[in-house]
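Input: a single structure, listed below in structure tokens.
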Amino acid sequence: MGLRSAKTVIEVRNYSFKYASSEKEILRDLNLKFHEREITILIGPTGCGKSTLLKSLIGLIPHMYAGSWSGSVMVDGMSIKDCKISDLALKVGYVFQNPENQIFMFSVERDTAFGLENLGMERTQIRDRVDWAMALMGITNLARKPPHELSDGQKQRAAIAGILAMKPRVLILDEPTSLLDPHTALELIRLIQDLRDQLGITVIMVEHRLDLIARVADRLLVMDNGMIVEDGTPREVFAKDNSSLRNIGIPTITRLYQALNSLGPKGDVPLTVDEVADLIRQKQKKKRSVSA
Ligand SMILES: Nc1ncnc2c1ncn2[C@@H]1O[C@H](COP(=O)(O)OP(=O)(O)OP(=O)(O)O)[C@@H](O)[C@H]1O
Ligand SMILES: [Mg+2]
25 MGLRSAKTVI EVRNYSFKYA SSEKEILRDL NLKFHEREIT ILIGPTGCGK STLLKSLIGL
85 IPHMYAGSWS GSVMVDGMSI KDCKISDLAL KVGYVFQNPE NQIFMFSVER DTAFGLENLG
145 MERTQIRDRV DWAMALMGIT NLARKPPHEL SDGQKQRAAI AGILAMKPRV LILDEPTSLL
205 DPHTALELIR LIQDLRDQLG ITVIMVEHRL DLIARVADRL LVMDNGMIVE DGTPREVFAK
265 DNSSLRNIGI PTITRLYQAL NSLGPKGDVP LTVDEVADLI RQKQKKKRSV SA
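Written out as structure tokens, the structure reads:
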């Protein structure tokens, strides 16, 4: 069964939004479905509306931001505007771009417990959930540490642990690797992939490091000026000659492929160094057999 036939968890219908202080619509007549277990990456130039869309998927818009909107956003078939933010938090978890906005308690474990305490969950159940989430994120050894003593990568993990403790079905992340070095960024991306594989979580994230992320993404959405201009697998999207792709960083390896294409017939768009190496070998073989 292809992912596209999987269950829809979030649906955006004819949705437009304008902040009270903005002159024009920031999101313009969006129609999107997000499916169970799918990892979706949202990219697009700065100011095009990516974070505004994420905020609309978790109910921060319209509940916390003044503005006007039309259309609807449904989570599990329920309209977001009719749900309480606290009820939505159990279904959809949101990790801010800057973890400083999210972690503020005296210790990592208190922080991980914060959302559950707010829900009034029983203490032993909170203990279990907190231990589970910290273990999953590999930060059990940091349980007693104050957040200000953590590295950026550890803060990022602590922020995600606090969200996972709520056991949401959808995890939404806004540029989760922006503070991380390439190695830690890759670790985090692998971890996100594991969460999908092990827990069946749906992931929606804004992420610019396409060199790292393209290989784990099931779907790539390209946004420009409040609209979705491309929607497909990374291979499908990178194979397009869409001018809005020029402003965003398509993987270096994909660019190399485009250069290779000028030397002979097209193959599948590669997403990794290994795949491009294979492609070069194939082209060499073909060249040899032609000249033999
Ligand atoms: N609270 C707000 N009030 C008014 N306008 C806002 C508000 N937040 C964002 N905007 C405007 O909405 C537009 C889209 O902003 P948004 O943060 O969604 O962009 P983005 O695609 O996430 O950009 P970036 O890649 O820089 O994070 C921008 O023009 C921004 O100035
Ligand atoms: Mg943003």
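For what it's worth, our numbering labels the leading residue of the sequence shown as 25, then goes sequentially.
All C-beta atoms in this analysis are idealised placements derived from N, C-alpha and C, irrespective of residue type, glycine included.
Residue i to residue j span [Cα, whole Å]
i	j	result
Glu141	Lys105	24 Å
Met25	Gly162	Below a pLDDT of 50, predicted positions are generally treated as unreliable, and Met25, at 40, falls in that range; no measurement from the model is reported.
Glu49	Val230	20 Å
Lys31	Val99	12 Å
Ala185	Arg134	11 Å
Gln310	Gln217	Per the sequence presented here, residue 310 reads as Lys, with Gln not at that position. Their Cα atoms are separated by approximately 36 Å.
Val154	Ile82	22 Å
Ser92	Thr76	13 Å
Val261	Val297	18 Å
Asp53	Pro200	27 Å
Ile187	Thr136	8 Å
Ala238	Thr70	19 Å
Leu223	Ala157	12 Å
Leu236	Gly95	34 Å
Leu203	Ile196	17 Å
Ser313	Ile304	14 Å
His59	Gln306	36 Å
Phe120	Ser45	22 Å
Tyr43	Tyr89	7 Å
Asp152	Glu146	10 Å
Tyr39	Pro192	24 Å
Arg16	Cys107	For the chain, the structure presents residues 25 to 316; residue 16 sits outside this window and is missing.
CB contact flag (residue i, residue j, <8 Å)
i	j	result
Leu78	Asp198	yes
Cys318	Met247	Residue 318 cannot be examined here, being either before or after the span of the chain that is shown, 25 to 316.
Ala182	Pro123	yes
Val33	Val194	yes
Leu66	Lys74	yes
Leu21	Val132	In this structure the chain extends from 25 to 316, so residue 21 is not present and cannot be described.
Arg243	Glu35	no
Gly318	Thr208	Given that the chain is displayed from residue 25 to residue 316, the structure contains no residue 318 and the question cannot be resolved.
Ala263	Val300	no
Gln180	Leu143	no
Contact with chain B by residue i, beta-carbon distance below 8 Å
i	result
Phe130	Protein chain content of the structure displayed is limited to a single chain, and chain B is not contained in it.
With 16 other Cβ atoms within 10 Å as the buried cut-off, status of residue i
i	result
Phe130	exposed
Pro206	exposed
His172	exposed
Ile109	exposed
Gly117	buried
Met102	exposed
Thr64	buried
Phe128	exposed
Leu234	buried
Ser80	buried
Gln308	exposed
Arg168	exposed
Gln126	buried
Leu114	exposed
**Item:** In chain order, each alpha helix (DSSP H) run of at least 4 residues that lies wholly inside the segment 172 to 226
**Value:** 176 to 188, 206 to 223
**Prompt:** If you measure from each residue's Cβ to the nearest non-hydrogen atom of ligand 2, which ones come out under 7 Å, in chain order?
**Reply:** Lys74, Ser75, Gln121, Asp198, Glu199, Val230
**Asked** Where are the beta strand (DSSP E) runs, 3 residues long or more, that stay fully inside the segment 239 to 268, in chain order?
**Response** 243 to 248, 251 to 256
**Prompt:** What residue ranges within the segment 60 to 105 form continuous beta strand (DSSP E) runs of no fewer than 3 residues, ordered along the chain?
**Reply:** 63 to 67, 91 to 99
**Message:** Please give me, in chain order, every unbroken run of the alpha helix (DSSP H) with length at least 4 that falls completely inside the segment 107 to 186.
**Reply:** 109 to 113, 132 to 142, 147 to 160
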